[in-house]
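Undergrad:
Numbering (the working numbering), first residue to last: 2 to 407.
Pasting the structure below:
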């Protein structure tokens with residue numbers, strides 16, 4: 002077919018990357034990029050980091066300058082959402098009832114923040130963080146300073162918002178169900194590093210606590226299962242996100258923590274692909290599916306889907322990667338979280354000074370690594386993870402031994 006049509010349902014980083022990769026690899030057909038938001042595609046990490054802290058403008062988060070899409074004949078349709086698709090007819094149904102015929106369809110529908118789901122949590126005084134508008138509203142509430150901020154959730158969003166809130170001079174309480182912040186992401190040993198970091202910066206951490214209600218009125222408060230009321234001028238829900246699978250579900254796709262795909266981001270339906278937060282791709286390196294919501298995954302999945310659409314031999318084999326900035330701590334993580342769970346941790350450097358590298362080892366093989374205030378080591382960390390060879394733990398921990406020599 003000389004002029005095929007690719008329709009991309011979702012204009013986040015994954016959808017935009019698919020469009021960019023198609024054009025940069027010479028695809029000459031029609032590309033339609035449908036976005037639920039009014040903005041051109043942008044990346045989301047700055048929303049809880051630089052943008053929220055007022056350190057960078059929104060324009061810095063753009064995937065491409067706004068003019069790129071018209072210049073490259075990518076038809077960007079803002080505030081346009083997919084409803085369902087007909088696999089047999091190769092038709093996508095969009096909001097308003099219109100139909101778009103496709104040759105290839107890419108589901109890039111992303112994820113949505115989970116609600117607190119307790120009485121009182123649905124009113125406007127409870128913030129969540131997913132869009133640029135969410136970040137703008139939250140920044141307006143925080144930058145005043147001197148406010149009582151209660152954050153529910155001790156994942157990455159919750160801890161990054163806590164750091165931003167403290168930076169504006171607010172009183173911050175973080176409530177989490179776990180015994181240690183971030184334990185589900187990086188384990189208890191590393192979670193304690195971040196716990197100490199936040200306590201050192203004046204955050205009141207309430208671990209092992211359950212929120213049962215948010216009270217409004219003149220004296221807003223977060224109510225714990227213990228009966229304690231924590232006064233709050235600002236409440237932020239950071240309790241995770243759920244993949245937006247409604248389009249796939251309405252169209253008859255099987256679901257499994259998102260939309261399952263093969264290594265080429267293909268779904269179970271011919272000519273339909275899934276990328277980004279909604280996709281649950283098979284990773285050959287660990288022999289199982291792994292859905293993750295970090296920006297590097299959006300880039301990798303979008304790149305692979307574009308290549309697969311073009312008929313290339315494309316396979317998702319990138320090692321999951323993410324980063325975080327909190328106070329004066331910067332970190333990068335690469336590795337396979339399912340393999341790192343319960344694995345042994347080996348430290349290289351000064352943990353108390355927060356200048357170190359942590360390695361997760363299973364059967365003496367590095368399955369993940371995180372550098373904290375130590376830079377230019379990601380290439381070596383990923384090489385060790387990808388290599389899958391046993392390493393000497395003493396040499397791994399010894400700073401005098403070059404990582405490149407391991």
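A virtual CB, placed ideally from N, CA and C, is assigned to each residue, including glycine. Keep in mind that this is a model prediction, so the values were computed, not measured.
#1: Check whether the stretch 199 to 212 and the stretch 169 to 180 are in contact - that is, three or more C-beta pairs closer than 8 Å.
#2: Could you give the C-beta distance for residue 86 and residue 252, rounded to a whole number, given that I count them as a contact under 8 Å?
#3: Report yes or no: do three or more beta-carbon pairs, one from the stretch 58 to 69 and one from the stretch 101 to 110, lie closer than 8 Å?
#4: Compare the C-alpha of residue 334 against each of 381, 288, 300, 310 and name the closest.
#5: For residue 231, which residues does DSSP report across the bridge?
#6: Can you tell me whether residue 407 is helix, strand or coil according to DSSP?
#7: Taking the beta strand (DSSP E) that residue 113 falls in, what are its first and last residues?
#8: Under three-state DSSP, which class holds residue 28?
#9: For residue 43, list the residues DSSP reports as bridge partners.
#10: Looking at the secondary structure, which residues open and close the alpha helix (DSSP H) in which residue 160 lies?
#11: Curious, which full-length beta strand (DSSP E) runs of at least 3 residues does the stretch 221 to 303 contain?
#12: Compute the beta-carbon to beta-carbon distance between residue 278 and residue 111, rounded to the nearest angstrom, for a pair I have assumed lies under 8 Å.
#13: Looking at the ligand HEM, does it come within less than 7 Å of residue 366, judged from the CB to the closest heavy atom?
#14: Would residue 431 and residue 95 qualify as a contact pair, given that the criterion is a beta-carbon distance under 8 Å?
#15: How many angstroms separate the CA atom of residue 195 from the CA atom of residue 188?
#16: Check whether the Cβ atoms of residue 332 and residue 305 sit closer than 8 Å, and answer yes or no.
#17: What three-state label does DSSP hand residue 376 in the structure shown?
#18: Who are the near neighbours of residue 293 in its chain, counting only those whose CB is closer than 6 Å to its CB and skipping five residues on each side?
#19: Starting from the Cα of residue 75, find the closest Cα among 8, 384, 197, 236 and give me that residue.
#20: Strictly by DSSP, which residues pair up with residue 136?
#21: Roughly how many angstroms lie between the CA atoms of residue 363 and residue 247, to the nearest whole one?
#22: State the Cα-Cα distance for the pair residue 239 and residue 148, rounded to the nearest angstrom.
#23: Between which residues of its own chain and residue 136 is the CB-CB distance below 7 Å, once the five residues before and five after are set aside?
#24: Thinking C-beta only, is residue 35 closer than 8 Å to residue 310?
#25: In whole angstroms, what is the alpha-carbon distance linking residue 220 and residue 191?
#26: Measure the C-alpha to C-alpha separation of residue 342 and residue 181 and round it to an integer number of angstroms.
TA: Reading off the structure:
#1: Three or more Cβ pairs drawn from the stretch 199 to 212 and the stretch 169 to 180 lie within less than 8 Å of each other, which places the two stretches in contact.
#2: For this step, residue 86 is matched to residue 85 along the chain shown. For this step, residue 252 is matched to residue 251 along the chain shown. Right, the Cβ-Cβ distance comes to about 5 Å (below 8 Å), so this counts as a contact.
#3: Too few Cβ pairs lie closer than 8 Å, so no.
#4: Residue mapping note: residue 334 aligns to position 333 of the chain shown, counting from 1. Ranking the options by Cα distance to residue 334, first place goes to 381.
#5: To locate residue 231, count along the chain shown from 1; it is residue 230. Within the DSSP bridge table, the entry for residue 231 names 223 as partners.
#6: For the purposes of this step, residue 407 is taken as the residue at position 406 of the chain shown. Here residue 407 sits in coil by DSSP.
#7: Within the chain shown, the letter at position 112 stands for residue 113. Unbroken beta strand (DSSP E) run through residue 113: 112 to 114.
#8: For the purposes of this step, residue 28 is taken as the residue at position 27 of the chain shown. In the structure shown, residue 28 sits in coil (DSSP, three-state: anything other than H, G, I, E or B).
#9: Start at 1 with the first residue of the chain shown, and residue 43 comes out as number 42. For residue 43, which the question treats as bridged, DSSP gives the partners 63.
#10: Here the question's residue 160 lines up with position 159 in the chain shown. For residue 160, the uninterrupted alpha helix (DSSP H) segment begins and ends at 157 to 168.
#11: Counting only runs of 3 or more, we get 222 to 225, 230 to 232, 235 to 238, 242 to 244, 260 to 262, 273 to 275, 280 to 284.
#12: For this step, residue 278 is matched to residue 277 along the chain shown. For this step, residue 111 is matched to residue 110 along the chain shown. Rounded to whole angstroms, the Cβ separation of residue 278 and residue 111 is 5 Å, and the two are in contact under 8 Å.
#13: For the ligand HEM, the structure offers nothing, since it holds no ligand at all.
#14: As displayed, the chain neither begins before 2 nor continues past 407, which places residue 431 out of reach and without an answer.
#15: By one-based count along the chain shown, residue 195 stands at place 194. By one-based count along the chain shown, residue 188 stands at place 187. Taken atom to atom, the span from the alpha-carbon of residue 195 to that of residue 188 is near 11 Å.
#16: Residue 332 sits at position 331 when you count from the first residue of the chain shown. Residue 305 sits at position 304 when you count from the first residue of the chain shown. No. Outside cutoff.
#17: Within the chain shown, residue 376 is the residue found at index 375, counting from 1. Coil, per DSSP.
#18: Position 292 of the chain shown, counted from the first residue, corresponds to residue 293. If we look at residue 293 and ignore the five residues flanking it on each side, its Cβ neighbours are 321.
#19: Counting from 1 along the chain shown, the entry for residue 75 is found at position 74. The shortest Cα separation from residue 75 among 8, 384, 197, 236 belongs to 8.
#20: Taking the chain shown and counting its residues from 1, one reaches residue 136 at position 135. None; residue 136 has no bridge partner.
#21: Here the question's residue 363 lines up with position 362 in the chain shown. Here the question's residue 247 lines up with position 246 in the chain shown. When rounded, the distance between both Cα atoms is 37 Å.
#22: The count along the chain shown starts at 1 and reaches residue 239 at position 238. The count along the chain shown starts at 1 and reaches residue 148 at position 147. Cα to Cα, the separation comes out at about 18 Å.
#23: By one-based count along the chain shown, residue 136 stands at place 135. Contacts found: 48, 52, 53, 130.
#24: Mapped onto the chain shown, residue 310 falls at position 309. Mapped onto the chain shown, residue 35 falls at position 34. No.
#25: Here residue 220 corresponds to residue number 219 of the chain shown, with the count starting at 1. Here residue 191 corresponds to residue number 190 of the chain shown, with the count starting at 1. Approximately 36 Å between the Cα atoms of the pair.
#26: For this step, residue 342 is matched to residue 341 along the chain shown. For this step, residue 181 is matched to residue 180 along the chain shown. C-alpha separation (whole angstroms): 14 Å.
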